[in-house]
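J.:
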Amino acid sequence: MQPTPKTEQELLMRANALAGMTLGELAQIANIAVPPDLRRDKGWVGQLLEWHLGASAGSKPVPDFTELGIELKTIPVGYHGKPLETTFVCVAPLIGLHGLCWENSHIRHKLARVLWVPVEGERDIPLADRHVGSPLLWSPSPEEEQQLRQDWEELMDMIVLGQVEQITARHGEVLQLRPKAANSKAQTEAYGANGQPIKTLPRGFYLKTQFTAGLLEKYFIL
DNA sequence: GAGTGATCATAC
DNA sequence: GTATGATCACTC
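Residues 1 to 222, numbered by this note's numbering, are exactly what the first sequence covers, in order.
1. Taking its Cβ as the centre, do 16 or more other Cβ atoms sit within 10 Å of alanine 17, making it buried, or is it exposed?
2. Are the beta-carbon atoms belonging to glycine 172 and glutamate 153 less than 8 angstroms from one another?
3. Check this for me: beta carbons of threonine 86 and tyrosine 191, under 8 angstroms apart or not?
4. Sort out for me which residues DSSP pairs lysine 73 with in a bridge.
5. Under 8 angstroms, do aspartate 129 and glycine 54 count as touching if we go by C-beta distance?
6. Would DSSP call tyrosine 191 helix, strand or coil?
7. Could you tell me which uninterrupted beta strand (DSSP E) segments, each at least 3 residues in length, are contained entirely in the segment 130-203, listed from first to last along the chain?
8. Let me make sure I understand the geometry here. Which of Glu122, Pro135 and Met156 has the alpha-carbon closest to that of glycine 99?
9. Once DSSP output is grouped into helix, strand and coil, what is the label at threonine 7?
10. Among Arg170, Glu165 and Glu145, which has the Cα closest to the Cα of serine 184?
11. Within 10 Å of its beta-carbon, does leucine 136 have 16 or more other beta-carbons around it, so buried, or fewer, so exposed?
12. Buried or exposed for leucine 161, please, with buried defined as at least 16 other CB atoms from any protein chain shown within 10 angstroms of its CB.
13. Please classify tyrosine 79: does DSSP put it in a helix, a strand, or coil?
14. Check whether the segment 107-125 and the segment 65-83 are in contact - that is, three or more C-beta pairs closer than 8 angstroms.
15. Do leucine 53 and the ligand ATP come close, with the Cβ less than 7 angstroms from some heavy atom?
16. With a cut-off of 8 angstroms on the beta carbons, I'd call proline 197 and lysine 180 a contact; round off their distance for me.
17. Can you name, in chain order, every residue of its own chain whose Cβ lies under 6 angstroms from the Cβ of proline 3, other than the five neighbours on each side?
18. Work out the CA separation of asparagine 194 and glutamine 47 for me, nearest whole Å.
19. Can you tell me which of the three DSSP states phenylalanine 220 falls into?
20. Which residues in the same chain as threonine 22 place their Cβ atom closer than 8 angstroms to its Cβ, once the five residues preceding and following it in sequence are excluded?
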């Protein structure tokens with residue numbers, strides 16, 4: 001593991017130095033084996049970048065760069081720089097929502113400051129040959145935060161009203177709610193239609209590709 | 001082909 | 001089960 005960057009500038013310089021390199025090169029430096037594909041190693045790319053940038057949090061529920069309050073997210077992009085996948089942000093709280101508002105929600109804090117690192121994700125590029133792109137240190141603009149907040153409030157309203165199971169990934173313009181579990185048999189507690197507790201699949205918030213594509217386009221001066 | 005719902009690994 | 005890291009893969 002590389003030393004933890006002490007300033008935002010140091011982190012950014014470190015991330016910039018990785019741009020243009022391949023995952024194979026980075027894995028060799030870190031002395032990590034490159035898996036044949038990501039089918040059984042979905043978090044591999046993210047963890048490789050965490051190693052190189054000196055992320056300190058490990059598996060703890062705090063930002064990757066705790067001291068800087070910055071979250072690291074890798075994002076798979078295609079040949080045109082467009083995101084190939086939605087981006088998982090955090091699990092959605094399904095109970096104990098009394099008094100919860102956007103300002104003190106987990107997701108807002110997660111997205112307050114994010115270092116996005118695009119990585120080639122086309123499946124026909126061998127993992128070791130995929131290139132890392134230029135990093136983007138981002139905070140939501142007032143417009144972006146408003147979009148996120150609006151979707152969040154709609155989804156949370158449904159959860160409070162016991163309509164979790166009626167929510168699909170089609171709800172929300174930029175933020176969606178989808179299963180986040182080991183498999184479809186996982187259970188967690190939530191509110192039922194009459195306020196009684198029910199068991200349901202754990203859900204997570206995901207940023208839609210349209211939204212992340214907008215970020216990369218808007219803030220990336222290529 | 002895109003998008004939604006399902007899934008994988010690992011630590012605690 | 002929950003937290004971390006996400007992509008897979010089936011259906012439309």
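Even glycine gets a Cβ: it sits at the ideal position worked out from N, Cα and C. None of these values were measured; they are calculated from a predicted model.
T.: So, to answer that:
1. exposed
2. no
3. no
4. Trp116
5. no
6. strand
7. 136-138, 175-179, 188-191 and 197-200
8. Met156
9. coil
10. Glu165
11. buried
12. exposed
13. coil
14. yes
15. In the structure shown, the ligand ATP is absent, as is every other ligand, since no ligand is present at all.
16. That belief does not hold up - the Cβ atoms of proline 197 and lysine 180 are roughly 20 angstroms apart, past 8 angstroms.
17. Gly54
18. 42 angstroms
19. coil
20. Ala128, Asp129, Arg130, His131 and Val132
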